[in-house]
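Participant: What follows is a single structure, and I will ask about it in a moment.
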Amino acid sequence: MAKPLFKNYSYEFDKNEKKLLITFCKTIIKQMSTDDRFYNEIKTFNSLLQKLESDGNPVKLTKDEKTKLVFRLKENEKHLEKQIKNAGFIKKWIYKPLYKQYKNIIETHFND
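Just add 108 to wherever you are in the sequence shown, counting from 1, and you've got this note's numbering.
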């Protein structure tokens, strides 16, 4: 069986997923803007942020945008999982819904 030559990188995010991804992109841009080594990443996430903030549905991503977004989402999911294991009751109560949202987005849209 041959691999498909072109992949479709169009995603239909609901309102809550878009809001979470917009916040996620803004946070990444803010964190990386202090270091010049992340220029390409910032450029990619700015482009992704513009696409998410536009009213167009579905959101069409480039391969680079999709790859970087999935990588950062998975890293953030792992980090939250570690935080939940080591946290007390109140922190677990705060982090668990966010962890579930990231996990849901990854499983629903980016599970290859």
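All residues carry an ideal CB built from backbone N, CA and C; glycine is no exception.
Three-state secondary structure (DSSP) at Tyr147?
Facilitator: By one-based count along the sequence shown, residue 147 stands at place 39. Tyr147: helix per DSSP, three-state reduction.
Participant: Within the region 150–184, note down every full alpha helix (DSSP H) run reaching 4 residues or more, in order along the chain.
Facilitator: Runs of the alpha helix (DSSP H) inside the region 150–184: none found.
Participant: Let me check one thing: in DSSP terms, what residues is Ser118 bridge-paired to?
Facilitator: Here residue 118 corresponds to residue number 10 of the sequence shown, with the count starting at 1. In the DSSP output, where bridge partners are listed per residue, Ser118 has Lys168.
Participant: Quick one, which of Leu181, Asn194, Phe146 has its alpha-carbon nearest Lys208's?
Facilitator: Residue numbering aside, residue 208 sits at position 100 when the sequence shown is read from its first letter. It is Leu181.
Participant: Which class does Thr216 belong to by DSSP, given the choice of helix, strand or coil?
Facilitator: Residue numbering aside, residue 216 sits at position 108 when the sequence shown is read from its first letter. Helix, per DSSP.
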